[in-house]
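A short write-up of the structure that comes next.
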Amino acid sequence: MTELVLETQDICKSFGALRASRNISIGLKAGEIHAVIGPNGAGKTTLIGQICGTLKPDSGSVRLLGEDVTQLATRERARLGLGRTFQISSLAMEDTVLQNAVLGALGAAGNPWRFWQDALKDRALREKAESALERVGLQDHARTRTAELSHGQRRQLEVAVALTKEPRAFVMDEPMAGMGSEGSKRLTEFLDELRSEAPILLVEHDMDAVFALADRISVLVYGEVIATGTVDEIRSDAAVREAYLGEDA
Amino acid sequence: MIRETYLNTLTLGLFVLIPAWALMADEPFTITLMTRAAIFAIAAIGLNIALGIGGLVSLGHAVFFGIGGYAMGILAYHAQTYTPVAEWPFLIDGTKSMPIIWLVAVIVSSLAAFVIGSLSLRTTGVYFIMITLAFGQMFFFFTISWAEYGGEDGLSIYLRNGFPGLNTLAPIQFYGLCLVILCLVLLFTWRLSKSPFGLALNAARQAPIRVETVGLDPTRLKLIAFVISGAITGLAGALFADLNRFVSPTMFSWQTSGEIMIFLILGGVGRLYGPVIGALAYVALEHWLGGLSDYWHIYLGILLLLIVLFGRGGLIGLASGRKVAHD
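Those protein sequences? They're chains G and Z, same order as listed.
With the first letter of the first sequence counted as 1, position 111 gets the number 111 in the working numbering; the numbers rise by one all the way through.
If you want the working numbering, it's the 1-based position in the second sequence plus 1000.
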C-alpha cells in the first residue's frame, strides 16, 4: 500500500435515521488532488467535518500522516498539519485581511501568549502572512477590512490563511464557490501548482475545475462512495452518470 | 463628527482639567466625583477586555469588584484592630499599605476569575450570562452572612490606607494615584489589544472555528482574557473601597455588575476609551440628574435605550460617527 497522507477508514456517521456517512474509505496520496463530488445532501460537509475534527464519526477512523487522529480535536489536527478552508467563509470579518493572515501565522507559531508586542510588527509573523497573501494575489488588499471583500476574495483569503501554516495536507470545501470565471480560473492554476507542496482533498461543485484539476475523483451519493477513479473513469462510469452527472456530461 | 483620537484626548484632558479647576476653586467634592469616575473607568476597562474583545457577556463582574473591596476591607480591618487575619498555617497580619492591598486584590480576583471562568466557559450565550450572574449572587449572599466582617452592614475603615510618599487623605493626592493607575491600565489594554494575544482573542470572538482551524484554543484564550479582566476589575474594587473607606455586600450585588456594564455600553463596547467616557458620563449624570430627582435612573434608562437603539458604538460611536468598534 502506498503511503497515504490523509485517509478515512470505514467511517460512519448518522444523524437520527439519516445515514450521512456510510463506510467511507478514501485516501489522499502525496502530490495529488483528490476531488469529492456529489449532489447536494450527499454528505460532503459531514465527511469534511469528520476529517477536520468538528464531528466525531460513529465508527471508523481518520488517519493523518499515518497517525490515528480520530480522537483529536480540530486544533490538534491543525497542529499536525491539516489545512482547511471553509465553504462558508469563517474569517474574522471586522479584522483586516492582513490580521486574518497573521492569525494563521500565529497559529503556526503556536504561541499566542504574548501580551505586549504589536502582532503586526512581529517580523516573522508578518513575513509569513504577507507571503501567503501574495501567493493568492491579495497583497494589495492587506489593509482592507475582511467584510469589504467580495465572496471570491474571501475564498482567496481562506486559502491564504491555510497557507500560512504550511500544512501537510489541505482540505478545501468549495473554494471556487462565489467566484467569477476569471477568479476561478486563477485559483485553478494556483491549486494546480499547490498540489506538489501538499496534496489537496477538494470538495467542489465547479465541474470544469474538478475535471481540470483532479487526479482522482470520488463520487458521494447518499453518504456512500459509489465510485472512485480517474477523470476518464468517472466520466464513463454508468452509475455515476445516472446518479449525478446527468446526460450531458 | 469628531475623530475618535481627538475625543479620547479630550476625555483624558477632562480628567486633568476638572480636578485642577476643583483644586483651585476649593471644591473637594468634585475631586471625589472624579476619583469615582476614574475608579469606575478602571472597573469597566476590566470588563471591556472580557466583553469588548473576548465577547464574554459577564453579568458577574461585581464578584471581582467586591473581592477587591473586601481584600482592602479585611486587611485594613485587621490592621486597625491589631488582630491577625490568620494564624494558621502561618501568621498573616493586616496591613494599611495600598500596594500590598492591591497585590492581594489582584491575586485573589484572578484566582476567582480563573475558577468562575473555567466553569462558565463551558457554556455560551445566555447561559454564560446566567451562570456568571449566579456566581455573583453566591458571593453576595455569602458576604451578607459573613458576620465576622460586618455581614449586611459591611465594614468601616476609619483611616484611608497609605501609599509610600503620599498623603492619601488629601483628595487630590488619592485622585492622582487613581489617575496614574487608570493610565497604566489603559496603556496595558491598548498594547494587549494589538498583541498576538489580542489578535487571537479578537478572532475568537468573531469566529471561534477559525481560531481552532489555525491550531489555537479559543476557550483557553477567553479564559485568560477573563482572568485578566477580573484582575483589573478587582484592582478597581480595592480603590473604590479606599475611596469610601467602607465595604459592604452591595459591591457584590448584581446591580453593581449591571452598573459596570452600563459604563461600557454608555461609552462604547470594545473601544479603548469606551469605559472611560462611559464612567465619566455616568458619574456626571448621577450627580446632575440625581440632584434633580431621586428617580434619576429613569432618565439614565431612556438614554441607554437611545444609545442601544441608535448608536451602537455608545457615546464614542455617536460622536465620531463610526459604528465598527475594532480597529
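All residues carry an ideal CB built from backbone N, CA and C; glycine is no exception.
The structure displayed is predicted, hence computed values, not measured ones.
If you draw a straight line from the alpha carbon of residue i to that of residue j, how long is it in whole angstroms?
| i | j | result |
| --- | --- | --- |
| Arg1271 of chain Z | Thr1124 of chain Z | 23 Å |
| Glu76 of chain G | Val1211 of chain Z | 12 Å |
| Gln87 of chain G | Val1308 of chain Z | 33 Å |
| Ala1319 of chain Z | Arg1003 of chain Z | 8 Å |
| Gly229 of chain G | Ala20 of chain G | 22 Å |
| Val1063 of chain Z | Tyr1295 of chain Z | 27 Å |
| Gly1215 of chain Z | Thr1005 of chain Z | 35 Å |
| Met1024 of chain Z | Gly1066 of chain Z | 34 Å |
| His151 of chain G | Gly38 of chain G | 23 Å |
| Glu158 of chain G | Thr85 of chain G | 5 Å |
| Ala1281 of chain Z | Val1269 of chain Z | 14 Å |
| Glu1027 of chain Z | Gln153 of chain G | 59 Å |
| Leu1047 of chain Z | Val1106 of chain Z | 14 Å |
| Ala249 of chain G | Val240 of chain G | Confidence at Ala249 of chain G is low in this model, with a pLDDT of 42, below 50, so the placement of that residue is unreliable and no value is reported for it. |
| Thr45 of chain G | Leu1199 of chain Z | 29 Å |
| His1326 of chain Z | Thr1250 of chain Z | Unreliable placement is indicated for His1326 of chain Z, whose pLDDT of 46 sits below 50; the coordinate value is still reported in the next sentence. When rounded, the distance between both Cα atoms is 33 Å. |
| Ser1097 of chain Z | Ala1022 of chain Z | 27 Å |
| Gly1165 of chain Z | Gln1173 of chain Z | 10 Å |
| Ala209 of chain G | Glu174 of chain G | 11 Å |
| Ala1225 of chain Z | Tyr1127 of chain Z | 19 Å |
| Gly1154 of chain Z | Pro1208 of chain Z | 42 Å |
| Leu1292 of chain Z | Thr1030 of chain Z | 17 Å |
| Ser89 of chain G | Thr146 of chain G | 10 Å |
| Leu1119 of chain Z | Asp192 of chain G | 47 Å |
| Ile51 of chain G | Arg114 of chain G | 31 Å |
| Leu82 of chain G | Lys165 of chain G | 9 Å |
| Thr1035 of chain Z | Ala1279 of chain Z | 11 Å |
| Ala243 of chain G | Val221 of chain G | 7 Å |
| Thr70 of chain G | Arg1220 of chain Z | 22 Å |
| Tyr1175 of chain Z | Asp118 of chain G | 31 Å |
| Thr1256 of chain Z | Ile24 of chain G | 55 Å |
Just to make sure I have the definition right: I need the residues of chain Z whose C-beta is within less than 8 Å of the C-beta of residue i. Which are they?
| i | result |
| --- | --- |
| Leu106 of chain G | Pro1196, Leu1199, Ala1200, Val1214 and Leu1216 |
| Asp122 of chain G | Pro1196 |
| Lys165 of chain G | Val1214 and Gly1215 |
| Arg135 of chain G | None at all; the shortest Cβ gap to chain Z is about 17 Å. |
With residue i and residue j assumed to form a contact (beta carbons below 8 Å), what rounded beta-carbon distance in angstroms separates them?
| i | j | result |
| --- | --- | --- |
| Phe1142 of chain Z | Gly1060 of chain Z | The pair is not a contact, with the Cβ atoms about 14 Å apart (cut-off 8 Å). |
| Leu65 of chain G | Val5 of chain G | 6 Å |
| Gln156 of chain G | Val171 of chain G | Rounded, the Cβ-Cβ distance is 17 Å, inconsistent with contact. |
| Ala1044 of chain Z | Ala1231 of chain Z | Not quite, the Cβ-Cβ distance comes to about 14 Å (not below 8 Å), so this is no contact. |
| Ala1238 of chain Z | Gly1068 of chain Z | 4 Å |
| Ile26 of chain G | Pro57 of chain G | Going by Cβ atoms, the distance from Ile26 of chain G to Pro57 of chain G rounds to 13 Å, so no, they are not a contact pair. |
| Val1283 of chain Z | Ala1037 of chain Z | 4 Å |
Residues of chain G with CB under 8 Å from residue i, in chain order?
| i | result |
| --- | --- |
| Ala1207 of chain Z | Ser90, Leu91, Ala92 and Met93 |
| Leu1187 of chain Z | In chain order: nothing, as chain G lies at least about 10 Å away. |
| Leu1192 of chain Z | Phe115 and Trp116 |
For residue i, return the contacting residues in chain G, with the cut-off set at a CB-CB distance below 9 Å.
| i | result |
| --- | --- |
| Leu1264 of chain Z | Within 9 Å Cβ-Cβ: nothing; Leu1264 of chain Z doesn't reach chain G, min ~18 Å. |
In the DSSP output, what is residue i paired with across the bridge?
| i | result |
| --- | --- |
| His34 of chain G | G:Leu201 and G:Arg216 |
| Ile24 of chain G | G:Ile11 |
| Lys1194 of chain Z | None; Lys1194 of chain Z has no bridge partner. |
| Thr96 of chain G | G:Arg145 |
| Arg1245 of chain Z | Its beta-bridge partners do not exist; DSSP assigns none. |
| Met172 of chain G | G:Thr85 and G:Leu202 |
| Val62 of chain G | G:Thr8 |
| Ser1156 of chain Z | Z:Phe1246 |
| Glu224 of chain G | G:Val221 |
| Phe1163 of chain Z | Z:Leu1166 |
For residue i, return the contacting residues in chain Z, with the cut-off set at a CB-CB distance below 7 Å.
| i | result |
| --- | --- |
| Thr74 of chain G | Glu1212 and Thr1213 |
| Arg79 of chain G | Gly1215 |
| Gln9 of chain G | Residues of chain Z passing the Cβ test: none, with the nearest at roughly 23 Å. |
| Arg84 of chain G | Thr1213 |
Since residue i meets chain G, which of its residues come closer than 7 Å, beta carbon to beta carbon?
| i | result |
| --- | --- |
| Leu1017 of chain Z | Those do not exist, as Leu1017 of chain Z stays about 30 Å from chain G at its closest Cβ, beyond 7 Å. |
| Leu1221 of chain Z | Pro112 |
| Ala1231 of chain Z | Per Cβ cutoff of 7 Å: no residues; Ala1231 of chain Z is ~12 Å from chain G at best. |
For residue i, return the contacting residues in chain Z, with the cut-off set at a CB-CB distance below 9 Å.
| i | result |
| --- | --- |
| Val161 of chain G | Arg1210, Thr1213 and Val1214 |
| Ala119 of chain G | Lys1194, Ser1195, Pro1196, Phe1197, Gly1198, Leu1199 and Ala1200 |
| Val102 of chain G | Pro1196 and Leu1199 |
| Gln156 of chain G | Within chain Z, no residue comes near Gln156 of chain G; the closest Cβ sits about 15 Å away, beyond 9 Å. |
| Gln99 of chain G | Leu1199, Asn1202 and Ala1203 |
Under 7 Å from any heavy atom of the ligand FAD, does the C-beta of residue i make it?
| i | result |
| --- | --- |
| Ser1109 of chain Z | Ligands in the displayed structure: none, and consequently the ligand FAD is not present. |
Of all the alpha helix (DSSP H) runs that stay within the bounds of the region 1056–1125 of chain Z, which reach a length of 4 or more residues?
-> 1062–1081 and 1098–1120
Entirely within the region 1279–1311 of chain Z and at least 4 residues each: give me those alpha helix (DSSP H) ranges in chain order.
-> Taking 4 residues as the shortest admissible run, the region 1279–1311 of chain Z contains the following complete alpha helix (DSSP H) segments, listed from N- to C-terminal end: 1297–1310.
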